[in-house]
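Chains as they are written, first to last, in this note's numbering: chain A, 106 to 590; chain B, 67 to 611.
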């Protein structure tokens, strides 16, 4: 008999029956140890377990998400408070399908002409946590019984919203000793057994002629956590290694960048919607980053005016921003090549780094993420070469690709890279590619063909790690999540 | 990209009943139009920014039929070359919104769907391509309700009945109260400094307050048979091409198109121009971009798929550019179309010959080495956002913000994002704060970029920071971790007692190389921990790498 079993049985011999808590108190054992011992003793027929069915509220997955980040209607009125008025068509699907309905039901908003506005009640609710949210948080904390009593109506509503479910569990209320248990002799653990081995025992051979205490080797033990690299970093490393294997050289460049390198040098028209403050983080300080090379500015201006039939303004090109793609890095490289004849062609470069999008943050939207870029500068490079390079690159990552026509302002022809995601049996967009436009190569003063592409990194991470559910999980850096990943 | 939704019945009528919806979706994808999905009545597509002609269901059907060799519709001719209507452009509008074009379309038979789609196209075109009507706006009028001589100019404030209104209203009032007035009024600004509004008028009064709203008098409906369409804007190219595009669409719908003459003083232009420009490309040049040998006969057939009429001259293929294509500027644009017509899936992969070896940046190698050391020491890697706020980066850390030393964002949509982080340690404490229920000890690190302003210019540096939440640890434990890292980096490091508000006084040291301070190590101040909601003692270091 194990010592835990012995301790529990001993305690029950005097009291006849007891609750788990009482046994824990009596034996000074851990709760897990007591439960384990009771389970074993019951199997031996030495005691009876008396159970009672209890109903307990628990959060659904959706409920858990809202407990953390707030209910959709809370998010919606906060968004409204910032924007003043929002068109329903501009709402994201969750806010449109769920947030709208509940914000209306609670009288927070009024709907008219396809747009919504805050009501007085909505104004009042701003910044305050709703009762529903508080209850969700309470349940998440485990404060269940109290809440089920005090806020029974709210809990009912949350059940209707499928945020809370009722779970039935068989809780142990009492443990009773049986006659067999009474009859069982309990021997104390023998004192002359060796438990922990010490240096003294080893060096002096004190163990000779003695018994070692036997352990229950099946017992549950504490988890040990290996320190790990981040899954995103692992994928970035795989990507960098894949490029290096293919003979590409790594380059990098500024994150806080002038609009010139992010946009103008890549022939993105100055009135392109991608340059709106809507999507781009511009910088308060410094407002501008000067481009000192006037010859370069003139060339780019000329190519813009010719291609887009509109005036090109230097001051727009100087606006400082957080790069919205890392193609700025490969663009800088292309323009920096001085005497191209002195290089061995083709020149193959790549870059991996963070890029930014001015998003309203919530559990699905992030403002910064990673992008990888590649570029080949050479003579007579073709779409067939581009497809071969990309196919090889993605196959090194264990991915199957196909290519579709699409449009980007800086390449022509433009290519959408798609990879097959077997888990969902569908093709997913991975990035864009193409033959760089002549205007860019002309402005760079070069006469070569250039293949270029850019791809998102997070989607690759998700495809390679099916247990990771969303991109936000990657950036939450939950320590428990990292330990178990 | 712009989403469009096309009615299935109407689409089927336009492309021909023999082509089913699966086929439409499949062929559209090959054409470079992303198929988004369908329900019982609508098909949804994403149109790329270079092809506004496909925002139009009629243009979409035209392209699709050409692509499938179901038609060969390449050029458009007007019913008559004599102008049906004249627009006199006044001098006062030249500095405000100088360009106008127009077309007259007669003998149209609308039904609910065709009218709705035409209006949708006009809205989408002026919204996306016309940059929310600033660069281009389109107005449609009932031709039978207007005169044949119009005036486009900047006029003083005056009354008219705007579309959808019951009563006559001043322009200024329309901008304040009418839905379109509120939405588009900001585009015109001249009335703020002087009493003038761009408008289109005939002898009976105002046709439209440009580019905001038309008049109720000239509104169109399914019973309209004759139309006048005006296009105004700030880009001559786009305003001119818009007339061509609508002329092609209305002709495809069975209308007769008549010219509109626009007079700028003594000079005048006639719209639609419908000029058929040509671009000549040697066949070899197409092969050179695609990487396949297309062949002459095949090239002609591919060109027709994309809507080009072709001829062969001096060993070059002469492509006639359809008048409705405003994206075709150079030979590259045509070569892209040829690649699409050829089919990306038929272009066989071809390796590039190269003997060069690949290379990682020194930075990458260094980071990998440090990360391996840190994980070996039991620290898990974190990757946090570079974006933060003064509250997280300074206040919670009990550090004063030096306004001239960090990079502030101008226009963030999110309150919790206002600046670029200047150090990593606050990010790590935030990671702890979200994991307080996880088992102790917790040990984490991050090696990545931080940002600063140096001489008013952005500077980006790499830091390594580590943090440890451990009820059983003390200052020496984090210092010993730090020292085992420093052993791996070249340089002689010494420690010097320091003052740092984030740490407990007497339990923080600067890391010094030569005379330069390159980092610090210490036990975090309990107030900092409270600020982050952390309940266990924490230790950390941060060092430039």
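Yeah, the Cβ is synthetic: ideal placement off N, Cα and C, and Gly gets one too.
Predicted model only: the values in this text are computed from it and were never measured.
Rounded to the nearest whole angstrom, the CA to CA distance from residue 167 (chain B) to residue 277 (chain B) is 13 Å. Selection B:555, B:489, B:305 evaluated against residue 528 (chain B) yields B:489 as nearest (Cα-Cα). Boundaries of the beta strand (DSSP E) harbouring residue 533 (chain A): 531 to 541, taken from the DSSP string.
The beta-carbon of residue 422 (chain B) is placed less than 8 Å from the nearest beta-carbon of chain A. Under the DSSP assignment, residue 401 (chain B) falls outside any beta strand (DSSP E), being part of the alpha helix (DSSP H) whose first and last residues are 397 to 408. By the Cβ rule, the region 176 to 186 of chain A counts as touching the region 198 to 214 of chain A, because three or more pairs are nearer than 8 Å. In the displayed model, residue 558 (chain A) falls within a strand according to three-state DSSP. Here the alpha carbons of residue 448 (chain A) and residue 567 (chain B) stand approximately 53 Å from one another. Contact with chain A is found for residue 508 (chain B), since one of that chain's Cβ atoms lies less than 8 Å from the residue's Cβ. The C-beta of residue 197 (chain B) comes closer than 8 Å to at least one C-beta of chain A. Looking from the CA of residue 540 (chain B), the closest CA among B:518, B:603, B:233 belongs to B:603. With a cut-off of 8 Å on Cβ pairs, the region 589 to 604 of chain B is in contact with the region 455 to 468 of chain B, counting three or more such pairs.
Counting other Cβ atoms within 10 Å of its Cβ, residue 368 (chain A) reaches 16 or more and is therefore classed as buried.
Here the region 438 to 448 of chain A makes no contact with the region 517 to 527 of chain A; the two share fewer than three CB pairs at distances below 8 Å. Judged by beta-carbon spacing, residue 563 (chain A) lies within the 8 Å limit of residue 475 (chain A), meaning their Cβ atoms are closer than that value. According to the DSSP assignment, residue 441 (chain B) belongs to the alpha helix (DSSP H) that extends over 428 to 442. A direct Cα-to-Cα measurement between residue 431 (chain A) and residue 455 (chain A) gives close to 10 Å. Contact annotation: residue 553 (chain A) and residue 373 (chain A) have beta-carbon atoms that are not nearer than 8 Å. Nearest to residue 421 (chain A) by C-alpha distance, out of A:120, A:434, A:364, A:414, is A:364. Residue 444 (chain B) belongs to the set of residues whose beta carbon lies under 8 Å from a beta carbon in chain A.
When CB distances to chain A are screened at a threshold of 7 Å, not a single residue of the region 366 to 394 of chain B falls below it. Contact annotation for residue 481 (chain A) against chain B: 418 [CB-CB distance below 7 Å, chain order]. Counting only runs of at least 4 residues, the region 85 to 142 of chain B fully encloses the following alpha helix (DSSP H) elements, listed from N- to C-terminal order: 87 to 97, 123 to 133. If you draw a 10 Å sphere on the C-beta of residue 512 (chain B), you find 16 or more other C-beta atoms in it, and that means buried. For residue 286 (chain A), the uninterrupted alpha helix (DSSP H) run begins and ends at 284 to 288, by DSSP. As computed with DSSP, residue 320 (chain B) is found in no beta bridge at all. Per DSSP, residue 495 (chain B) is one residue of the alpha helix (DSSP H) stretching across 491 to 499. Within the region 285 to 356 of chain B, complete beta strand (DSSP E) segments of at least 3 residues are found at 293 to 299, 322 to 324, 326 to 330, 333 to 337, 344 to 348, given in chain order.
Shown here for residue 274 (chain A): same chain residues with a beta carbon closer than 8 Å to its own, the five before and five after excluded, namely 158, 159, 161 in chain order. Think of a sphere of 7 Å around the beta carbon of residue 425 (chain B): the chain A residues whose beta carbon falls inside it are 349, 354, 355, in chain order.
Taking the CA atoms as reference points, residue 236 (chain B) sits about 5 Å from residue 224 (chain B). At a cut-off of 8 Å between beta-carbon atoms, residue 157 (chain A) makes no contact with chain B.
With fewer than 16 other Cβ atoms inside 10 Å of its own Cβ, residue 521 (chain B) counts as exposed. By the Cβ test, the region 161 to 174 of chain A is in contact with the region 241 to 255 of chain A, since at least three Cβ pairs between them sit closer than 8 Å.
The secondary-structure analysis by DSSP pairs residue 528 (chain B) across a beta bridge with B:515.
Within the same chain, Cβ atoms closer than 6 Å to the Cβ of residue 406 (chain B) are found at 98, the five residues on either side in sequence being excluded.
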